[in-house]
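Each number in the working numbering corresponds to the 1-based position in the sequence shown with 36 added. Written out below as structure tokens is the structure these notes cover.
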Amino acid sequence: MTSKPRKSTKKTNKRTATSPKTASRTARGKKTTGSRTSTSRTTATTNSPIGGSKRPSKTARKKTGTGPKRGRSSSKDASTSRNSRTKPTRSGRRQAGARAEARAAAPDAGAERLQKVMSRAGLGARRKIEEHIEAGRIKVNGKVATLGMRAAVGDRIQFEGSNYEVVGERKTHKTLIYHKPEGELTTRSDPENRRTVFDNLPPVRDGRWIAIGRLDINTAGLLVLTTDGELANRMMHPAGQVDREYLCRIRGEVSDADLQRLLRGVELEDGVASFSDLVIGEHTADEHTTGHTWYTVTIMEGRNREVRRLWEAVGAQVARLKRVRFGPVFLPAKLRPGQHEELGAKDHRILREDVGLKPTPVELTLKRV
37 MTSKPRKSTK KTNKRTATSP KTASRTARGK KTTGSRTSTS RTTATTNSPI
87 GGSKRPSKTA RKKTGTGPKR GRSSSKDAST SRNSRTKPTR SGRRQAGARA
137 EARAAAPDAG AERLQKVMSR AGLGARRKIE EHIEAGRIKV NGKVATLGMR
187 AAVGDRIQFE GSNYEVVGER KTHKTLIYHK PEGELTTRSD PENRRTVFDN
237 LPPVRDGRWI AIGRLDINTA GLLVLTTDGE LANRMMHPAG QVDREYLCRI
287 RGEVSDADLQ RLLRGVELED GVASFSDLVI GEHTADEHTT GHTWYTVTIM
337 EGRNREVRRL WEAVGAQVAR LKRVRFGPVF LPAKLRPGQH EELGAKDHRI
387 LREDVGLKPT PVELTLKRV
């Protein structure tokens, strides 16, 4: 068996220079290796600094006490008015202060309709909660609730003999990377009872796993899965321009003219498609065969079997196909086929920022007190 090196083709968008032996890659101007796990972005690339100086919140930037005061009475009337007022009890002042402290310490979340907050906390369907409100069975901060009432962080709710406090929580999503082996389907169920990637994944308590970009049964490699539907939609949508990188083992050799066609664009049954990047790797051959050639290719969208169909359009035959990168996420070299690795909350946040998404919104719910 002999090995003869080949030179890279001329590329229209040089972003990677991967050989199947070293699996070294360059992404967004940073060089990483195949042994590097998780995302290639670092916290330095995020929009907001971590642990650095931050702009004050909108609430902190608002000016207070600058506007004219309406209906000001004379000092005598004001004194009489103050003396005739009913002073709040000490316990009432403590409760009001506790609610103010809770609002100040909580994540930024606006008020929501009472029945929506209670339903989210698992106290019943919204319509059922509305019936309880109409019947006067629910109190908010000691007052009987009415339809249309809104709840905010720190409010105290009484319902069926139990006391609750409104809290703001940022929903926690899970994201993992999975090394899909050949022979597994990227589907939840199969009428032929063939093995699927979901058979190897850990169960999730809240939500379900969503595969970000499928791989066909004969394709191996990186599969990113998440419980964050917003992230999955943004990464898969063509408008997101999230690139995917594959290692391809092609039987025989492909002419330079055909390689240039693949870079310029080839007409497929569902429109023109092309590789945004193509690098020639190692070629192996012996005295009996024309051998195989490894290529690293990149595409900017994820049509069905797009990489295979592009090679077939120039008469090439794909012997092996493996995805090694999806956007900033690389397939770790240590991750064996059939294994998965969960990304941390920090990596999940970086993924959302990478596709232009804001942090996961805060939702109001209840905790028993």
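Glycine included, C-beta positions come from ideal geometry on N, C-alpha and C. On a predicted model such as this, the values are computed, not experimentally measured, just so you know.
Of the residues assessed, Leu183 falls on the exposed side of the cut-off, its CB having fewer than 16 other CB atoms within 10 angstroms.
Contact fails between the stretch 236-253 and the stretch 325-332, because fewer than three Cβ pairs, one in each stretch, are under 8 Å apart. Within a 10 Å sphere around the beta-carbon of Ala352 sit 16 or more other beta-carbons, which makes this residue buried. The beta carbon of Leu221 sits closer than 8 Å to the beta carbons of Arg230, Arg231, Thr232, Val233, Ile253 from its chain, once the five residues preceding and following it are set aside; these are given in chain order. For the options Lys210, Leu259, Lys216, Gly219, the alpha carbon positioned closest to that of Arg244 is the one of Lys210. Distance from the CA of Ala171 to the CA of Ser225, rounded to the nearest whole angstrom, comes to 46 Å. Counting along the chain, Val153 sits inside the alpha helix (DSSP H) bounded by residues 150-156. Beta-bridge annotation (DSSP): Phe362 is paired with Arg280, Val365. About 5 Å separates the beta carbon of Val398 from that of Gly204, a gap short enough to meet the 8 Å contact definition.
The stretch 296-314 makes contact with the stretch 333-347, as at least three CB pairs between them are under 8 Å.
CA-to-CA, the gap between Glu342 and Thr255 works out to about 12 Å. Out of Gln296, Ile213, Lys403, Ile246, the CA that lies nearest to the CA of Arg361 is found in Ile213. Under the three-state reduction of DSSP, Lys403 is assigned to strand.
For Glu318, the enclosing beta strand (DSSP E) covers residues 313-321. In the three-state reduction of the DSSP assignment, Ile169 falls in the helix class, which pools H, G and I.
Between the alpha carbons of Val354 and Met271 lies a distance of about 26 Å. Of the other Cβ atoms in all chains shown, 16 or more fall within 10 Å of the Cβ of Thr262; this residue is therefore buried.
In the three-state reduction of the DSSP assignment, Ala247 falls in the strand class. Boundaries for Leu159: no alpha helix (DSSP H) harbours it, and the DSSP string shows neither H nor E there. In the displayed model, Lys179 falls within a strand according to three-state DSSP.
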